[in-house]
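Worksheet: one structure, shown below.
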Amino acid sequence: GCTPDILLRLTPGVDPHTHKYLATGVIDSKFGFTQLKWEEAVAQAMSAPELNLLGLHFHLGSLIAEVEPYQEAIGAVLGFTTEMKRKYNFQLRELNVGGGFAIQYALDSPSPPISSYAEAIASKIISKCRELKLALPRLIVEPGRAIVGQAGVALYRVGVVKDIPGVRCYVSVDGGMADNIRPALYGSKYEAVVANKMSEEGAEKVTIAGKFCESGDILVKDINLPPVSAGDIIAIPDCGAYCLPMASNYNSSLKPAIV
Ligand SMILES: Cc1ncc(COP(=O)(O)O)c(C=O)c1O
Numbered sequence: 001g002c003t004p005d006i007l008l009r010l011t012p013g014v015d016p017h018t019h020k021y022l023a024t025g026v027i028d029s030k031f032g033f034t035q036l037k038w039e040e041a042v043a044q045a046m047s048a049p050e051l052n053l054l055g056l057h058f059h060l061g062s063l064i065a066e067v068e069p070y071q072e073a074i075g076a077v078l079g080f081t082t083e084m085k086r087k088y089n090f091q092l093r094e095l096n097v098g099g100g101f102a103i104q105y106a107l108d109s110p111s112p113p114i115s116s117y118a119e120a121i122a123s124k125i126i127s128k129c130r131e132l133k134l135a136l137p138r139l140i141v142e143p144g145r146a147i148v149g150q151a152g153v154a155l156y157r158v159g160v161v162k163d164i165p166g167v168r169c170y171v172s173v174d175g176g177m178a179d180n181i182r183p184a185l186y187g188s189k190y191e192a193v194v195a196n197k198m199s200e201e202g203a204e205k206v207t208i209a210g211k212f213c214e215s216g217d218i219l220v221k222d223i224n225l226p227p228v229s230a231g232d233i234i235a236i237p238d239c240g241a242y243c244l245p246m247a248s249n250y251n252s253s254l255k256p257a258i259v
């Protein structure tokens with residue numbers, strides 16, 4: 001048989017300042033080896049003839065809008081590598097820093113350009129390896145959202161418009177939490193436009209409500225749109241990641257088509 005190459009997933013205990021459901025590299029995480037077990041994991045993997053320990057991996061979480069958490073985790077993992085090199089002659093041939101690069105969903109929450117992540121990650125690895133006299137490992141990244149998130153636009157048709165004077169105006173659409181669970185699950189923010197009224201001004205504050213039987217099924221809360229009426233098409237950008245892959249048949253709904 002062949003000896004599989006493996007990486008060990010370490011939990012570096014770094015807070016990526018994202019929604020807590022999206023943080024995976026914090027101390028209190030179900031993922032990866034907790035720091036107290038790192039050495040034992042490396043020692044065991046190195047002594048297992050059926051495994052080839054190629055390197056180390058971490059994934060800090062998703063929608064991370066800062067580069068510093070990556071640098072902090074790289075520092076921790078490379079520091080640990082030096083110790084493992086000294087004790088067990090461990091060679092870090094591959095370092096996988098996971099994914100998590102943010103995209104901009106809301107106009108008021110910009111995300112760093114991809115080049116900032118690349119620059120911060122690569123420069124930290126180079127300077128730390130130089131400082132610790134480590135050979136440069138092969139670098140692997142695992143972005144998901146940053147690749148496909150902006151490639152999808154969700155289209156909904158408006159049904160009922162319910163105006164509660166002095167309270168709120170609900171614009172109900174023919175989709176919601178079964179095709180995009182993110183607002184209900186994480187309070188995620190989205191922008192929206194009325195696709196058939198793009199040249200009209202956003203004059204009315206409305207809330208775009210899904211059709212599912214939960215009050216929490218709100219796609220976009222308090223957004224200014226042109227006057228909306230039944231039959232209009234609402235377009236929500238940035239729906240290319242974590243929307244349809246997390247879709248369900250809740251309330252016997254069918255999953256929307258992708259065109
Ligand atoms: C181990 C791992 N790597 C990468 C990703 C991709 O994350 P993102 O889409 O935030 O880049 C995920 C997402 O769940 C993951 O679990």
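Residue numbers (the UniProt record's numbering): 1 to 259. Built from N, CA and C at the ideal position, the CB exists for glycine as well.
**Message:** Only counting the same chain, and skipping five residues up and downstream in sequence, which positions put a Cβ closer than 6 Å to that of Thr34?
**Reply:** Walking along the sequence shown from the start, residue 34 turns up at place 34. Answer for Thr34: Thr11, listed in chain order.
**Cβ contact (3+ pairs, closer than 8 Å) linking the segment 131 to 144 and the segment 88 to 108** = Taking a cut-off of 8 Å on C-beta distances, the segment 131 to 144 touches the segment 88 to 108, as three or more cross pairs fall below it.
**Message:** Between the alpha carbons of Val67 and Ile27, how many angstroms are there, rounded?
**Reply:** The residue you call residue 67 lines up with position 67 of the sequence shown. The residue you call residue 27 lines up with position 27 of the sequence shown. Across the structure, Val67 and Ile27 are spaced so that their CA atoms are roughly 19 Å apart.
**Prompt:** Where does Thr11 sit, in a helix, a strand or coil, going by DSSP?
**Reply:** Residue 11 sits at position 11 when you count from the first residue of the sequence shown. Three-state result, Thr11: coil.
**Request:** For Ser123, count neighbouring C-beta atoms within 10 Å of its own C-beta (all shown protein chains included) and say buried if the count is 16 or more, exposed if not.
**Result:** Start at 1 with the first residue of the sequence shown, and residue 123 comes out as number 123. Counting Cβ neighbours within 10 Å, Ser123 comes out exposed, since fewer than 16 surround it.
**Inter-stretch contact (C-beta, 8 Å, three-pair minimum) for the segment 104 to 114 and the segment 13 to 29** = no
**Asked** CA-CA distance, Asn52 and Ala146?
**Response** Walking along the sequence shown from the start, residue 52 turns up at place 52. Walking along the sequence shown from the start, residue 146 turns up at place 146. Between Asn52 and Ala146, the C-alpha separation is close to 31 Å.
**Prompt:** What residues in its chain sit with their C-beta under 6 Å from that of Lys197, if we drop five residues either side in the sequence?
**Reply:** Residue 197 sits at position 197 when you count from the first residue of the sequence shown. Counting only Cβ-Cβ distances below 6 Å, and skipping sequence neighbours, we find Pro226.
**Prompt:** Between the beta-carbon of Gly100 and the beta-carbon of Leu63, is there less than 8 Å?
**Reply:** For this step, residue 100 is matched to residue 100 along the sequence shown. For this step, residue 63 is matched to residue 63 along the sequence shown. In contact: Gly100 and Leu63 (Cβ atoms closer than 8 Å).
**Asked** Who are the near neighbours of Lys255 in its chain, counting only those whose CB is closer than 6 Å to its CB and skipping five residues on each side?
**Response** Walking along the sequence shown from the start, residue 255 turns up at place 255. Excluding sequence neighbours, Lys255 sits near Ala247.
**Message:** Pull the bridge partners of Phe33 from the DSSP assignment, please.
**Reply:** Working through the sequence shown from its first residue, we reach residue 33 at position 33. Looking at the DSSP assignment, Phe33 forms a beta bridge with Leu10.
**Request:** Run the proximity test for Glu204: is its beta-carbon closer than 7 Å to any non-hydrogen atom belonging to ligand 1?
**Result:** Translated into the one-based positions of the sequence shown, residue 204 becomes position 204. It does not: the Cβ of Glu204 is nowhere closer than 7 Å to a heavy atom of ligand 1.
**Item:** Reference Leu8, options Thr81, Tyr21, Ser109, Gly1, closest by Cα
**Value:** In the sequence shown, the residue the question calls residue 8 occupies position 8. If you compare the alpha carbons of Thr81, Tyr21, Ser109, Gly1 with that of Leu8, the shortest gap goes to Thr81.
**Item:** Three-state secondary structure assigned by DSSP to Leu136
**Value:** Indexing the sequence shown from 1 puts residue 136 at position 136. In the structure shown, Leu136 sits in coil (DSSP, three-state: anything other than H, G, I, E or B).
**Asked** Which two residues bound the contiguous beta strand (DSSP E) that contains Arg168?
**Response** Translated into the one-based positions of the sequence shown, residue 168 becomes position 168. Start and end: 168 to 173.
**Request:** Give, in chain order, every unbroken run of the beta strand (DSSP E) that is at least 3 residues long and sits entirely within the UniProt domain "Orn/DAP/Arg decarboxylase 2 N-terminal" (5 to 149).
**Result:** 5 to 9, 52 to 57, 94 to 96, 138 to 140
**Message:** To the nearest angstrom, how far is the alpha carbon of Gly98 from that of Leu56?
**Reply:** As a position in the sequence shown, residue 98 is number 98, starting the count at 1. As a position in the sequence shown, residue 56 is number 56, starting the count at 1. Each residue's Cα considered, the two are about 10 Å apart.
**Identity of the residue in Ile234, Asn89, Ser109, Ala203 nearest Val160 by Cα** = As a working note, residue 160 is residue 160 in the sequence shown. Nearest of Ile234, Asn89, Ser109, Ala203 to Val160, Cα basis: Ile234.
**Request:** To the nearest angstrom, report how far apart Ala209 and Asp217 are at their CA atoms.
**Result:** Taking the sequence shown and counting its residues from 1, the one referred to as residue 209 is at position 209. Taking the sequence shown and counting its residues from 1, the one referred to as residue 217 is at position 217. Between Ala209 and Asp217, the C-alpha separation is close to 6 Å.
**Request:** With a 10 Å radius around its C-beta and 16 neighbouring C-beta atoms as the bar for buried, classify Cys213 as buried or exposed.
**Result:** To locate residue 213, count along the sequence shown from 1; it is residue 213. Exposed.
**Message:** Taking a contact to mean a Cβ-Cβ separation below 8 Å, would you say Ala65 touches Pro113 in this structure?
**Reply:** Here residue 65 refers to the residue found at position 65 when the sequence shown is read from its first residue. Here residue 113 refers to the residue found at position 113 when the sequence shown is read from its first residue. Contact: no.
**Request:** Name the two residues that bound the continuous beta strand (DSSP E) containing Ala235.
**Result:** Along the sequence shown, read from residue 1 onward, the residue named residue 235 stands at position 235. Element bounds for Ala235: 233 to 236.
**Prompt:** So Ala192 and Ile121 are in contact, right, with Cβ under 8 Å, and what is the actual spacing, rounded?
**Reply:** Numbered from its first residue, the sequence shown carries residue 192 at position 192. Numbered from its first residue, the sequence shown carries residue 121 at position 121. At roughly 33 Å, the Cβ-Cβ gap does not stay under 8 Å, so Ala192 and Ile121 are not in contact.
**Item:** Where Leu244 sits in the DSSP three-state scheme
**Value:** The residue labelled residue 244 in the question sits at position 244 within the sequence shown. DSSP places Leu244 within a helical segment (H, G or I) once states are collapsed to three.
**Request:** Could you give the DSSP three-state label for Asn224: helix, strand or coil?
**Result:** Residue mapping note: residue 224 aligns to position 224 of the sequence shown, counting from 1. Strand at Asn224.
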